[in-house]
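Peer 1:
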Amino acid sequence: MAYYRQVGAVPPKRHTQHRTPEGGLYYEELMGEEGFSADSSLLYHRNIPSAIVGSSVWELPDLTTEANHPLKPRHLKLHDLFGGEEWKSRDIVTGRRLVLGNGDVRISYVAAGEVSPLYRNSIGDECVYIESGEGVVETVFGALSFKQGDYVMLPRATTHRWLPDGQVRAYAIEANSHITPPKRYLSKYGQLLEHAPYCERDLHGPSEPLLAEGTDVEVLIKHRGSSGLVGTRFVYPQHPFDVVGWDGCLYPYTFNVSDFEPITGRVHQPPPVHQVFEGDNFVICNFVPRKVDYHPLSIPVPYYHSNVDSDEVMFYCGGDYEARKGSGIGQGSISLHPGGHSHGPQPGAYERSIGVEYFDELAVMVDTFRPLELGEGGRAAEDPNYAWTWAGRGPQ
Numbered sequence: 001m002a003y004y005r006q007v008g009a010v011p012p013k014r015h016t017q018h019r020t021p022e023g024g025l026y027y028e029e030l031m032g033e034e035g036f037s038a039d040s041s042l043l044y045h046r047n048i049p050s051a052i053v054g055s056s057v058w059e060l061p062d063l064t065t066e067a068n069h070p071l072k073p074r075h076l077k078l079h080d081l082f083g084g085e086e087w088k089s090r091d092i093v094t095g096r097r098l099v100l101g102n103g104d105v106r107i108s109y110v111a112a113g114e115v116s117p118l119y120r121n122s123i124g125d126e127c128v129y130i131e132s133g134e135g136v137v138e139t140v141f142g143a144l145s146f147k148q149g150d151y152v153m154l155p156r157a158t159t160h161r162w163l164p165d166g167q168v169r170a171y172a173i174e175a176n177s178h179i180t181p182p183k184r185y186l187s188k189y190g191q192l193l194e195h196a197p198y199c200e201r202d203l204h205g206p207s208e209p210l211l212a213e214g215t216d217v218e219v220l221i222k223h224r225g226s227s228g229l230v231g232t233r234f235v236y237p238q239h240p241f242d243v244v245g246w247d248g249c250l251y252p253y254t255f256n257v258s259d260f261e262p263i264t265g266r267v268h269q270p271p272p273v274h275q276v277f278e279g280d281n282f283v284i285c286n287f288v289p290r291k292v293d294y295h296p297l298s299i300p301v302p303y304y305h306s307n308v309d310s311d312e313v314m315f316y317c318g319g320d321y322e323a324r325k326g327s328g329i330g331q332g333s334i335s336l337h338p339g340g341h342s343h344g345p346q347p348g349a350y351e352r353s354i355g356v357e358y359f360d361e362l363a364v365m366v367d368t369f370r371p372l373e374l375g376e377g378g379r380a381a382e383d384p385n386y387a388w389t390w391a392g393r394g395p396q
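Going by full-length UniProt numbering, the first residue of the sequence shown is number 1, and it counts up by one from there.
(1) Hey, is the segment 136 to 145 in contact with the segment 169 to 183, meaning 3+ C-beta pairs nearer than 8 angstroms?
(2) For the 8 angstroms Cβ check, are there 3 or more pairs between the segment 354 to 362 and the segment 287 to 306?
(3) Enumerate in chain order the residues of its own chain whose CB-to-CB distance from GLY394 is below 6 angstroms, with the five nearest sequence positions on each side excluded.
(4) Rounded to the nearest angstrom, what separates SER207 and VAL7 at their Cα positions?
(5) Let me see if you follow: with CB-CB separation under 8 angstroms, is VAL243 close to chain B or not?
(6) TRP87 by DSSP, collapsed to three states: which one?
(7) Note the first and the last residue of the continuous beta strand (DSSP E) segment covering TYR253.
(8) Could you check which residue in HIS223, PRO252, ASP202, ARG224 has the C-alpha nearest to that of GLU261?
(9) Going by DSSP, what residues sit across from THR215 in a beta bridge?
(10) Under 8 angstroms by Cβ, that's how I've got VAL217 and LEU118 pegged, so tell me the actual separation to the nearest angstrom.
(11) For PRO155, which residues of its own chain have a beta-carbon under 6 angstroms away from its beta-carbon, when the five flanking residues on both sides are left out?
(12) Between the alpha carbons of ARG293 and PRO270, how many angstroms are there, rounded?
(13) Quick one: complete beta strand (DSSP E) runs, 3+ long, within the UniProt domain "Homogentisate 1,2-dioxygenase C-terminal" (287 to 378)?
(14) For ASP383, which of helix, strand or coil comes out of DSSP?
(15) Counting C-beta neighbours from all protein chains within 10 Å, is the total for SER353 16 or more, i.e. buried, or is it exposed?
(16) Since GLU174 is in the beta strand (DSSP E), which residue starts that stretch and which ends it?
(17) LEU186: which of SER177, ALA196, HIS178 sits nearest, CA to CA?
(18) Mapping DSSP to helix, strand and coil, what is HIS223?
(19) Is the separation between the beta-carbon of PRO371 and that of GLY339 shorter than 8 angstroms?
(20) Spatial neighbours of GLY318 within its chain, please: CB distance less than 6 angstroms, with the 5 preceding and 5 following residues excluded, ordered by chain position.
(21) What three-state label does DSSP hand HIS45 in the structure shown?
(22) Helix or strand or just coil, what does DSSP make of PRO117?
(23) Compute the Euclidean distance between the alpha carbons of PHE287 and VAL276, then round it to the nearest angstrom.
(24) By DSSP, does HIS79 sit in helix, in strand, or in coil?
(25) Tell me, please, which residues DSSP counts as bridged to CYS285.
(26) Helix, strand or coil for GLU22 per DSSP?
(27) May I have the straight-line CA-CA distance separating ILE263 from VAL273, to the nearest angstrom?
(28) Tell me which same chain residues have a C-beta within less than 8 angstroms of the C-beta of GLN331, skipping the five on either side of it?
(29) Per the contact definition of three or more C-beta pairs closer than 8 angstroms, is the segment 36 to 55 in contact with the segment 67 to 82?
(30) Taking all protein chains shown into account, do 16 or more other C-beta atoms lie within 10 angstroms of the C-beta of THR180, making it buried, or fewer, making it exposed?
(31) Express the C-alpha separation of ARG97 and ASP62 in angstroms, rounding to a whole number.
(32) Could you spell out the range, first to last residue, of the beta strand (DSSP E) harbouring GLN6?
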């Protein structure tokens with residue numbers, strides 16, 4: 001995040017001696033993006049952060065994907081992926097099931113109740129939307145509490161672990177890049193501008209250091225290999241949560257969807273007004289409860305539209321989504337509307353929306369600018385009848 005914060009004890013001048021009460025040195029680590037030419041933070045460790053005493057293979061879950069071919073829109077019922085009491089034995093890191101993905105972004109889903117292993121994604125930033133539940137995510141920067149409706153933003157290479165309090169349902173968006181507020185919301189120096197639908201007051205980072213003790217501590221690392229994504233288990237001689245202080249503009253934070261202020265108009269507003277974050281070749285939007293179009297002749301549900309340059313993924317996570325009535329879509333559903341397919345409201349929704357003044361709906365949308373493929377979770381959760389719901393009859 002592009003505004004400065006300081007937590008814990010740091011020296012008056014960067015890259016200078018920072019001594020322990022006993023007279024020893026803390027070990028300064030620069031965590032920086034884009035070859036140290038973009039946002040960064042300085043962390044001060046009790047122990048040498050590079051020291052490891054073990055490295056072995058971590059077998060990642062199934063991350064293979066299949067093309068959406070022949071092309072069709074799809075409905076994926078994510079709540080079907082975790083039945084009964086299965087969530088009690090899963091955690092938010094290793095329990096994820098891949099739903100959709102391409103070379104820029106992977107979308108996974110999990111229902112979990114177990115404490116996760118310590119984990120570091122060295123491929124890109126993670127944006128994890130909390131559909132339901134609450135808990136704490138512990139990080140090398142400090143702890144963050146999370147609750148329903150939070151986006152939990154974790155910069156690339158942030159060591160962390162999840163501690164759910166009961167069942168948590170999480171929708172994980174993993175980038176191969178950084179995830180930031182849209183550039184049009186920011187000043188040239190990085191401040192969120194007046195026209196942005198949220199501001200710095202809505203972003204909540206760690207408030208104090210998190211110091212943990214332990215020896216021979218295992219951390220799971222997701223990283224690149226010659227054949228794609230691979231995993232490694234590092235063993236550290238001391239616990240990596242040993243940072244006594246840090247400062248800078250790079251750190252994890254939460255943002256709750258209820259703090260997003262929707263932009264409305266007399267006629268239907270285009271999807272970019274709902275944008276909340278962006279990464280390389282994809283954007284994240286959220287559709288929140290809001291007053292809708294107030295022109296006397298307005299049609300509040302979306303017009304039919306073709307995603308000429310992108311695939312559109314909508315995760316329905318609250319309220320009553322007016323445009324999809326009659327399609328089978330409900331809480332926990334995903335719709336995938338691929339580039340090359342013209343889509344819009346279900347039959348009858350266009351007419352029913354006339355005169356409506358308010359939409360009580362909540363959805364997280366990811367638009368990608370390269371085609372998405374189906375992961376094993378997406379294939380397992382598909383509703384095979386969705387593609388034909390506009391026509392009212394199946395394939396001939």
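In this text, a Cβ means the ideal position worked out from N, Cα and C, and glycines have one as well. Every value quoted in this text rests on a predicted model; they were computed, and no experiment measured them.
Peer 2: According to the data block:
(1) The segment 136 to 145, when compared against the segment 169 to 183, does not touch it at the 8 angstroms Cβ threshold.
(2) Because the criterion of three Cβ pairs below 8 angstroms is met, the segment 354 to 362 and the segment 287 to 306 touch.
(3) Counting only Cβ-Cβ distances below 6 angstroms, and skipping sequence neighbours, we find TRP388.
(4) Computed Cα separation, rounded: 6 angstroms.
(5) You won't find chain B in this structure, because it holds only one protein chain.
(6) Note: TRP87 maps to helix in three-state DSSP.
(7) First-last of the beta strand (DSSP E) with TYR253: 253 to 256.
(8) Checking every option, the nearest Cα to that of GLU261 belongs to ASP202.
(9) Looking at the DSSP assignment, THR215 forms a beta bridge with GLN238.
(10) Contact holds; Cβ gap of about 7 angstroms.
(11) When the five nearest sequence neighbours on each side are left out, the beta carbons in the same chain lying within less than 6 angstroms of the beta carbon of PRO155 are those of ASP125, LEU250, in order along the chain.
(12) At residue 293 the sequence reads Asp, which differs from the Arg that was named. The straight-line gap from Cα to Cα measures roughly 12 angstroms.
(13) Within the UniProt domain "Homogentisate 1,2-dioxygenase C-terminal" (287 to 378), the complete beta strand (DSSP E) runs of at least 3 residues are 311 to 319, 333 to 337, 361 to 368.
(14) Looking at ASP383 - three-state DSSP - the assignment turns out to be strand.
(15) Residue environment analysis places SER353 among the buried positions, since at least 16 neighbouring C-beta atoms fall within 10 angstroms of its C-beta.
(16) Run containing GLU174: 168 to 175, per the beta strand (DSSP E) assignment.
(17) Closest option to LEU186, Cα to Cα, is ALA196.
(18) Strand, per DSSP.
(19) Going by C-beta atoms, PRO371 is nearer than 8 angstroms to GLY339.
(20) So the qualifying residues of the chain are LEU362.
(21) For HIS45, the three-state secondary structure derived from DSSP is strand.
(22) The answer is coil: DSSP assigns PRO117 none of H, G, I, E or B.
(23) Going by C-alpha positions, PHE287 is about 10 angstroms away from VAL276.
(24) Helix at HIS79.
(25) GLN275, MET365.
(26) Coil at GLU22, not helix or strand.
(27) Between ILE263 and VAL273, the C-alpha separation is close to 6 angstroms.
(28) HIS79, TYR316, CYS317, GLY318, listed in sequence order.
(29) The segment 67 to 82, when compared against the segment 36 to 55, does not touch it at the 8 angstroms Cβ threshold.
(30) Under this definition THR180 is a buried residue.
(31) ASP62 and ARG97 have their C-alpha atoms spaced approximately 8 angstroms apart.
(32) It spans 5 to 8 - the beta strand (DSSP E) in which GLN6 sits, taken as one unbroken run.
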